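**Student:** If you're matching positions, the sequence shown starts at 559 in my numbering and goes up one per residue.
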Amino acid sequence: MKGHKYILALGVLSATIAGCRKEYFDVNVDPNRPNDSTTSAVLVYNNAAVTTGARVSGTEVAFINRWIGYWSTSGDFAIDQSETSYNIDFSFSDVPWQRQYDVLFDLFKVKQKALADGDLCLAGAAMILSARLWQDLVDVFGDVPYSQAFNDTIQTPKYDKAQDVYNALQASLDEAITNMSQENVQPGFLTVRTLVKIGPNWNSSLDVDVIKQQWIKFANTLKLRLLIRQSEIGGANTAELTKIQNNGGVLGAGESVSVNPGFSNANDKQSPFYGNYGTLPNGNQASTNTKANDYFVSLVDTFRLKRFFKPGTAAEDPSLAESIAGTEYGNPTNPTNAFSSDMGPGIANSSEQDQWIFPSFESMFLYAEAVARGWLPGDPKAAYESAVAESFVWLRVPDAHEAADDYLTGNEDAMWENAGSTATSQAKFIAYQKYLSLAGIDAIEAWSDVRRLDMIPEGYLSHNPAVIRPQVPVRLLYPQLEYNTNPVNVNAVGRIDQFTSKIFWQP
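1) Out of curiosity, what's the CA-to-CA distance linking HIS959 and LEU934?
2) Can you name the residues that DSSP bridges to SER630?
3) Along the chain, where does the beta strand (DSSP E) containing PHE916 start, and where does it finish?
4) Given ARG865, which residues of its chain have a CB within under 8 Å of its CB, disregarding the five upstream and five downstream residues?
5) Residues in its own chain within less than 7 Å of ILE882 by CB, not counting five upstream and five downstream?
6) What residue range does the alpha helix (DSSP H) around LYS755 cover?
7) Count the other C-beta atoms from every protein chain shown that fall within 10 angstroms of the C-beta of THR1067, then say buried if there are 16 or more, exposed otherwise.
8) How about SER1020 and SER632: do their beta carbons lie closer than 8 Å?
9) Quick check on the DSSP output: the alpha helix (DSSP H) that includes VAL661 runs from which residue to which?
10) For GLN1056, does the three-state DSSP call read helix, strand or coil?
11) In angstroms, rounded to a whole number, what distance separates the CA positions of VAL668 and CYS679?
12) Is the beta carbon of SER651 sitting closer than 8 Å to the one on TYR1036?
13) Which same chain residues, not among the five before or five after SER921, have their C-beta less than 6 Å away from its C-beta?
14) Give me, in chain order, the residues of the same chain whose beta-carbon lies closer than 6 Å to that of GLU943; leave out the 5 immediate sequence neighbours on both sides.
15) Whose C-alpha, out of TYR603, ASN895 and GLU618, is nearest the C-alpha of ASP655?
16) Given a threshold of 16 other Cβ atoms within 10 Å of its Cβ, counted over all protein chains shown, does PRO715 qualify as buried or as exposed?
17) Are three or more beta carbon pairs between the stretch 972-992 and the stretch 1023-1031 nearer than 8 Å?
18) Shorter than 8 Å from the beta carbon of GLY810 to some beta carbon of chain C?
19) From VAL1025, PRO1045, THR1043 and VAL1048, pick the residue whose C-alpha is nearest to that of ILE646; which is it?
20) Compare the beta carbon distance of ALA665 and LEU687 with 8 Å and say whether it is the shorter of the two.
21) At what residues does the beta strand (DSSP E) containing VAL817 begin and finish?
22) Are the beta-carbon atoms of ALA981 and ASP1007 separated by less than 8 Å?
23) How about GLN913 and PRO830: do their beta carbons lie closer than 8 Å?
24) Could you tell me the alpha carbon to alpha carbon distance between GLU970 and VAL929, rounded to whole angstroms?
25) According to DSSP, is ASP963 part of a helix, a strand, or is it coil?
26) Going by Cα to Cα distance, which pick from ALA607, THR1043 and PHE1057 is closest to VAL817?
27) Could you name each continuous beta strand (DSSP E) segment of 3 residues or more that falls completely within the stretch 731-819, going from the start of the chain to the end?
28) Along the chain, where does the alpha helix (DSSP H) containing SER949 start, and where does it finish?
29) Is PHE1062 helix, strand or coil when you go by DSSP?
30) Between ASP718, THR891 and PRO703, which has its C-alpha nearest SER630's C-alpha?
31) Given that a residue counts as buried once 16 or more other Cβ atoms are within 10 Å of its Cβ, and exposed if not, what is LYS781?
32) Is ASN623 buried or exposed, if buried means 16 or more other CB atoms sit within 10 Å of its CB?
33) Which residues in the same chain as VAL1051 place their Cβ atom closer than 8 Å to its Cβ, once the five residues preceding and following it in sequence are excluded?
34) Give me whichever residues DSSP pairs with ASP710 in a beta bridge.
35) Going by other Cβ atoms of all chains shown within 10 Å of its Cβ, with 16 needed for buried, is ARG657 buried or exposed?
36) Let me check understanding here. Comparing Cα to Cα, which of TYR1018, ASP697 and TYR659 lies closest to GLN1056?
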């Protein structure tokens, strides 16, 4: 195994570096073909940033949206027996694993090349995006190859302990913040600063110091995300929390992180989420099998429900023609495509829409939980209500703030007076509302909260009669690819069970 770096199916660097390594292929270099030495950090970054957005909500994590009650399937297709019975095997993990390492390798190369060019800000941006994806990988698989993953001299990288990777990510984010704080700004960073946008008024005319500070806030948000994930296995990490406060805090209202290189309604040029779940350039549905889950439809408020999903094109009862119709996950006799609801305009609005990397409201929910736990200063009620309101704004609910006020004062599940008086009860209350806000947007974050806090009733469990255990898996198995190419190291981790081999931060 070549340190995962040869598993490159997507992107500019994926297409160039894999075929031009002298240490593996004794061929002449074609001067007309891009290769590692002629591919710039900026060019690699452009692809890697777009692919980062695609990984956050791509098709390879769709099963998580289904497992935790957001999505289901139509009756037009046979159900996936492996997924809906929870009887997953090693091959189930191949695609998520490979695609995550694909983009992580590209971001690694951006860092290398940018540092060689003295472009510390660009290197810092790559490190921050990498931290977001590395945490997701750990939260899905546990121990993973990290420290040796992209070492050219090591063909079979060791598996680092998940806790060690988390610690390394905190240190990496500190380094990225230091890089972003440098006064010397190279042309590479200036060239790419409009590709990944942070905030509603992001444009090329923004002051460079403002741009760098927004990136630092993004890094702080990821640092807090790492700490919140470990809430049930230890107390507050005062040193890390102090760094977050001293470096400007976390992303707030309107400060979503997104990417858009110029998406358009053309083949292979649509915004990734819309291209997967909206309408194709030819006018056809991109997915006729991805539907609202009846469980989630029964939970979420009507304001946001019509932003997450849209009515089916038909209804058995004409009076229900404008209603959102869900299906039951794992039920082999679900209603067909026309009688169930597709993705709605809040998340699949346009082929040209920005592709989110980290939504503002998710950061605000993290902050609210940190305040409720006493980790950061602030009013937990105000922080919580601001996060909920931001979810309405982000989904473009009509009259969003008024609708959020109605929801927060008229729904018992949302009224802060029902959050309880302890830090634990308030944290779960906040996390539940975060769950309601993340459907289709960040399934790994929601799944992690479900596992971390055991907070959601079991109504989202599969209806497949062949379910092998009435429990959503707590992790994925390592991919078959690893057992074929890196057997010594993957087997050294020990036997993995999808129901009992918890991620280290699970209580």
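Note that the Cβ used here is the ideal one computed from N, Cα and C, for glycine as well.
All of these numbers come straight from a predicted model, not from anything done at the bench.
**Tutor:** Based on what the coordinates show:
1) Position 401 of the sequence shown holds residue 959. Position 376 of the sequence shown holds residue 934. Take the alpha-carbon of HIS959 and the one of LEU934: they are about 25 Å apart.
2) Residue mapping note: residue 630 aligns to position 72 of the sequence shown, counting from 1. DSSP output for SER630 lists LYS849 as bridge partner(s).
3) The count along the sequence shown starts at 1 and reaches residue 916 at position 358. First-last of the beta strand (DSSP E) with PHE916: 913-916.
4) Start at 1 with the first residue of the sequence shown, and residue 865 comes out as number 307. Only residues of its own chain outside the window of five on either side were considered, and among them GLY902, PRO903, GLY904, ILE905, LEU953, ARG954 and VAL955 have a CB closer than 8 Å to the CB of ARG865, listed in chain order.
5) Counting from one through the sequence shown, the residue named residue 882 turns up at place 324. A distance below 7 Å between beta-carbons, with the five flanking residues on each side excluded, links ILE882 to the following residues of its chain, in chain order: ALA850, VAL855, LEU863, LYS864, PHE867, PRO869 and SER899.
6) For the purposes of this step, residue 755 is identified with residue 197 of the sequence shown, where counting begins at 1. Taken as a continuous stretch (DSSP letters only), LYS755 belongs to no alpha helix (DSSP H), being part of the beta strand (DSSP E) at 754-756.
7) Coverage of the chain is limited to positions 559 through 1065, which leaves residue 1067 absent and any answer about it impossible.
8) Position 462 of the sequence shown, counting from 1, holds the residue named residue 1020. Position 74 of the sequence shown, counting from 1, holds the residue named residue 632. Going by beta carbons, SER1020 and SER632 fall outside the 8 Å limit.
9) Position 103 of the sequence shown holds residue 661. That run of the alpha helix (DSSP H) goes 652-674.
10) On the sequence shown, residue 1056 is found 498 positions in, with the first residue counted as 1. DSSP places GLN1056 in coil when its eight states are reduced to three.
11) Residue numbering aside, residue 668 sits at position 110 when the sequence shown is read from its first letter. Residue numbering aside, residue 679 sits at position 121 when the sequence shown is read from its first letter. The straight-line gap from Cα to Cα measures roughly 11 Å.
12) Stepping through the sequence shown from its first residue, residue 651 is reached at position 93. Stepping through the sequence shown from its first residue, residue 1036 is reached at position 478. With contacts defined by Cβ atoms closer than 8 Å, SER651 and TYR1036 form a contacting pair.
13) Sequence index remark: in the sequence shown, residue 921 carries index 363 (1-based). Taken in chain order, the residues that qualify are THR779, VAL808 and LEU809.
14) Here residue 943 corresponds to residue number 385 of the sequence shown, with the count starting at 1. Excluding positions up to five away in sequence, the list reads LEU966.
15) For this step, residue 655 is matched to residue 97 along the sequence shown. For clarity, residue 655 is Trp in the given sequence; the question names Asp instead. Here the closest residue by C-alpha is GLU618.
16) The residue you call residue 715 lines up with position 157 of the sequence shown. Burial call: buried.
17) Touching, no.
18) Given the protein chain composition of this structure (a single chain), no chain C is represented.
19) What you label residue 646 is simply residue 88 of the sequence shown in a count that begins at 1. Distance check between ILE646 and each of VAL1025, PRO1045, THR1043 and VAL1048 places VAL1025 closest, using alpha-carbon atoms only.
20) Here residue 665 refers to the residue found at position 107 when the sequence shown is read from its first residue. Here residue 687 refers to the residue found at position 129 when the sequence shown is read from its first residue. The displayed chain sequence assigns Leu, not Ala, to residue 665. Yes, these two residues count as a Cβ contact at 8 Å.
21) Counting from 1 along the sequence shown, the entry for residue 817 is found at position 259. VAL817 -> beta strand (DSSP E) spans 815-817.
22) One-based indexing of the sequence shown puts residue 981 at position 423. One-based indexing of the sequence shown puts residue 1007 at position 449. In this structure, ASP1007 does not lie closer than 8 Å to ALA981 by Cβ.
23) By one-based count along the sequence shown, residue 913 stands at place 355. By one-based count along the sequence shown, residue 830 stands at place 272. Contact flag set, yes.
24) Within the sequence shown, the letter at position 412 stands for residue 970. Within the sequence shown, the letter at position 371 stands for residue 929. So the alpha carbons of these two residues sit roughly 22 Å apart.
25) Numbered from 1 along the sequence shown, position 405 holds the residue referred to as residue 963. If DSSP states are grouped into helix, strand and coil, ASP963 belongs with the helices.
26) Position 259 of the sequence shown, counted from the first residue, corresponds to residue 817. Taking VAL817 as reference, the option from ALA607, THR1043 and PHE1057 with the minimal CA-CA separation is ALA607.
27) Taken in chain order, the complete beta strand (DSSP E) segments of 3 or more residues contained in the stretch 731-819 are 754-756 and 815-817.
28) Indexing the sequence shown from 1 puts residue 949 at position 391. Judged by DSSP secondary structure, SER949 falls within the alpha helix (DSSP H) whose first and last residues are 938-952.
29) Here residue 1062 refers to the residue found at position 504 when the sequence shown is read from its first residue. Annotated three-state conformation of PHE1062 is coil, per DSSP.
30) Here residue 630 refers to the residue found at position 72 of the sequence shown. When C-alpha distances from SER630 are compared across ASP718, THR891 and PRO703, the shortest belongs to THR891.
31) Counting from one through the sequence shown, the residue named residue 781 turns up at place 223. Under a 10 Å Cβ-count criterion, LYS781 is classified as buried, with 16 or more other Cβ atoms of the shown protein chains found around its own Cβ.
32) Within the sequence shown, the letter at position 65 stands for residue 623. By the Cβ neighbour-count rule, ASN623 is buried, with 16 or more other Cβ atoms within 10 Å of its own.
33) Looking up residue 1051 in the sequence shown gives position 493. Cβ contact annotation for VAL1051 (same chain, cutoff 8 Å, sequence separation greater than five): GLY700, ASP701, TYR717 and TYR1036, in chain order.
34) Here residue 710 corresponds to residue number 152 of the sequence shown, with the count starting at 1. BP columns for ASP710 are empty, so no partner.
35) The residue given as residue 657 occupies position 99 in the sequence shown. Buried, because 16 or more other Cβ atoms sit within 10 Å of the Cβ of ARG657.
36) For the purposes of this step, residue 1056 is taken as the residue at position 498 of the sequence shown. Comparing Cα-Cα distances from GLN1056 to each of TYR1018, ASP697 and TYR659, the minimum goes to ASP697.
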